[in-house]
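If you count the sequence shown from 1, you need to add 1 to reach my numbering. Think of the CB as a built atom: it goes at the ideal place given N, C-alpha and C, for glycine as much as any other residue.
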Amino acid sequence: MKDSIKLNSYLVFLIMIIILATWKISVMDVFLQEYIPFSISNIIFVILLFSLYLILLLFLNRGIGLKNMFSINVFVITLFMVYIYISYSYLSFDYIYANDKIKHVLLIFLFTLVPLMVNFNNKYLYRFFYIIFLFNSVYIILFLIMYQDIILSSAFTGERLGTEEINSIWLARVLGENILITFVILKKKVMKIALILFQLFLIILTGSKGPLLGLFIIFVLYNISNLKFKMKFSYKKIFTTFIKISFYFIVFAVFMFLVFKFIGLEYIYSRLSSEDTYAQNSRIYRYLFSFDLIQNNLLFGIGFGNWGYYFTGGVFGRNYPHNIIIETIVELGIIGAIPLFYLLYQGMKRFLSYMKNLFNSNVINLIPLLFIYFLFNSLLSGDLGLSNVEMFIFLGMLLGVDSSIHSRSTKCKAL
2 MKDSIKLNSY LVFLIMIIIL ATWKISVMDV FLQEYIPFSI SNIIFVILLF
52 SLYLILLLFL NRGIGLKNMF SINVFVITLF MVYIYISYSY LSFDYIYAND
102 KIKHVLLIFL FTLVPLMVNF NNKYLYRFFY IIFLFNSVYI ILFLIMYQDI
152 ILSSAFTGER LGTEEINSIW LARVLGENIL ITFVILKKKV MKIALILFQL
202 FLIILTGSKG PLLGLFIIFV LYNISNLKFK MKFSYKKIFT TFIKISFYFI
252 VFAVFMFLVF KFIGLEYIYS RLSSEDTYAQ NSRIYRYLFS FDLIQNNLLF
302 GIGFGNWGYY FTGGVFGRNY PHNIIIETIV ELGIIGAIPL FYLLYQGMKR
352 FLSYMKNLFN SNVINLIPLL FIYFLFNSLL SGDLGLSNVE MFIFLGMLLG
402 VDSSIHSRST KCKAL
């Protein structure tokens with residue numbers, strides 16, 4: 002019986018990898034569309050629905066425990082999905098965007114539900130993050146190869162690194178995610194530092210503030226979680242820590258000096274103050290406009306997918322306030338936002354339980370770190386359905402992982 006449960010859990014984990022791989026490959030569609038006679042994006046839902054079918058088959062075969070499957074988190078996710086469908090059916094009038102958006106909401110909740118069914122262990126997690134690392138690295142390498150002229154142009158002319166097909170923000174998010182994974186799973190310090198600084202340089206070229214601020218927040222949490230001196234400390238430990246911090250500070254200072262010298266302070270300042278130049282398209286204006294909509298539609302919202310119609314004064318199409326919490330309250334109202342608030346509250350609660358040992362080189366600690374990173378980014382860019390899949394992946398993992406393995410998990414192997 003135990004072998005059967007272990008096998009079924011492993012199958013669910015493989016399904017989770019297939020789903021993630023499908024999503025990552027679909028993101029790389031822009032690089033592959035010239036060489037493949039069909040669009041990868043058009044078959045993504047076929048693979049995902051087949052994966053969901055396999056999960057249901059395992060469930061009916063009693064391969065997934067009822068206690069885990071019917072937890073309060075699964076109930077809340079289902080409740081949220083039902084409320085979204087009701088809003089979509091009765092209040093939505095931007096049908097093209099709302100229809101596309103609800104498909105992706107189904108996708109993100111599939112990403113949230115699958116991790117709740119996996120009996121994670123350190124070996125599973127290491128393989129999972131290693132696969133993400135490989136996919137992200139391939140994505141970055143393809144970008145460097147196919148758009149090297151644009152990279153050089155961005156570096157020398159002060160233009161944002163990105164193309165019409167590849168949004169600067171999404172490129173920066175991938176780079177930030179890979180930096181965090183590199184930080185934990187890569188053990189060769191020279192290679193680790195070189196890779197992190199190179200990817201950080203590319204993020205700076207994109208001019209995207211969200212991923213940079215997200216990484217800064219992780220850095221602050223790193224220092225908070227490592228304040229372990231309290232009452233017990235030794236001068237040797239203080240001296241060793243001081244030397245390490247000084248070394249990394251010097252490396253970072255030299256790196257930033259070269260960046261300023263190479264790119265120029267004017268470009269960095271222009272990106273930091275860019276919101277002022279967007280006027281009515283700025284995030285601040287979008288937030289203020291959203292608050293006006295909330296006041297008049299507090300309980301039930303304006304309808305799923307309708308924000309853009311109100312914002313543009315009657316033009317249908319994909320548009321959003323660049324903050325999934327504000328977006329959810331505006332479109333679904335306070336009542337519709339409660340399930341999302343509950344899930345995020347549970348995620349933050351689990352995150353705080355990891356704070357004491359966040360950076361002890363256990364691969365499990367990547368889950369709360371990446372959840373916080375993508376949660377922060379979801380409050381600055383993207384919409385609920387189509388842009389923040391990764392945040393829901395790590396939310397599901399954070400809610401589903403057994404916290405008891407945090408204390409007994411071993412350090413991950415070196416790459």
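What does a CB cutoff of less than 8 Å around residue i pick up in its chain, not counting 5 residues either side in sequence?
i      : result
Tyr84  : Leu333, Ile336, Gly337 and Pro340
Leu381 : Lys210, Gly211, Leu214, Arg284, His323 and Asn324
Ile132 : Ile18, Leu21 and Ala22
Leu82  : Reading the sequence as shown, one finds Met at residue 82 and not Leu. Cβ neighbours of Met82 beyond the five flanking positions: Val106, Leu107 and Phe110.
Gly397 : Phe112, Thr113, Leu114, Val115, Pro116 and Leu117
Glu328 : Ser291, Trp308, Tyr321, Pro322, Asp384 and Leu385
Ser138 : Asn179
Just checking my contact of residue i with residue j at CB under 8 Å: how many whole Å lie between their CB atoms?
i      : j      : result
Leu367 : Phe217 : Actually they are not in contact, since the Cβ atoms of Leu367 and Phe217 sit about 18 Å apart, beyond 8 Å.
Phe134 : Ile167 : Not really, about 20 Å apart at Cβ, beyond 8 Å.
Asn320 : Gly309 : 3 Å
Phe112 : Ile20  : 7 Å
Asn123 : Ile365 : 7 Å
Leu15  : Ser72  : Wrong, their Cβ atoms sit about 22 Å apart, outside the cutoff.
Gly318 : Tyr148 : With 8 Å as the limit, Gly318 and Tyr148 do not qualify as a contact, their Cβ atoms being about 27 Å apart.
Please confirm whether residue i and residue j have their CB atoms less than 9 Å apart.
i      : j      : result
Gly304 : Leu107 : no
Asp101 : Asn307 : no
Val402 : Leu114 : no
Leu399 : Phe342 : no
Tyr140 : Val185 : no
Thr183 : Ile197 : yes
Ile219 : Phe136 : no
Phe110 : Ile87  : no
Leu294 : Tyr311 : yes
Lys193 : Leu187 : yes
Ile330 : Ser291 : yes
Ile142 : Leu203 : no
Trp24  : Val390 : yes
Answer yes or no: the CB of residue i versus the heavy atoms of the ligand SAM, is any distance below 8 Å?
i      : result
Glu178 : The ligand SAM is not part of this structure, which contains no ligands at all.
Which of the three DSSP states is assigned to residue i in this structure?
i      : result
Asp95  : coil
Lys68  : Low confidence applies here, because Lys68 scores a pLDDT of 49, under 50, leaving its location unreliable and the question unanswered by this model.
Lys3   : Interpretation of Lys3 is limited by its pLDDT of 45, a score under 50 that renders its predicted location unreliable; the figure taken from the coordinates is listed afterwards. Correct three-state label for Lys3: helix.
Pro369 : helix
Pro322 : coil
Lys188 : coil
Ser388 : coil
Thr207 : helix
Thr421 : The question about residue 421 has no answer here: the residues shown for the chain are numbered 2 through 416.
Ser382 : coil
Arg284 : helix
Arg421 : Nothing in the structure corresponds to residue 421, since the chain is present only between 2 and 416.
Asn123 : helix
Gly306 : coil
Thr278 : No answer about Thr278 holds up, because its pLDDT of 48 lies below 50 and its placement is not dependable.
Ile167 : coil
Leu143 : helix
Tyr374 : helix
Phe301 : coil
Val364 : helix
Arg161 : coil
Val106 : helix
Val402 : coil
Tyr148 : coil
Quick one: what's got a C-beta closer than 7 Å to residue i's C-beta in the same chain, skipping five residues either side?
i      : result
Gly215 : Gly177, Tyr374, Phe377 and Asn378
Leu371 : Glu178, Leu181 and Phe395
Phe230 : Low per-residue confidence applies at Phe230: pLDDT is 45, beneath 50, and the placement is therefore not dependable enough to give any value.
Thr313 : Asn320
Asn298 : Gly334
Lys190 : none
Ala173 : Ile204, Thr207, Ser209 and Pro212
Beta-carbon within less than 6 Å of residue i's beta-carbon, same chain only, minus the 5 sequence neighbours each way: which residues are those?
i      : result
Leu80  : Pro340
Met392 : Phe375, Leu376 and Ser379
Ile170 : Ser209 and Ser382
Thr411 : For Thr411, the predicted model reports a pLDDT of 43, less than 50, meaning its position is unreliable and no value from the coordinates is stated.
Q) Quick one: any contact between the stretch 341-351 and the stretch 281-296, if contact means 3 or more CB pairs under 8 Å? A) The stretch 281-296 and the stretch 341-351 do not touch, with fewer than three beta-carbon pairs separated by less than 8 Å.
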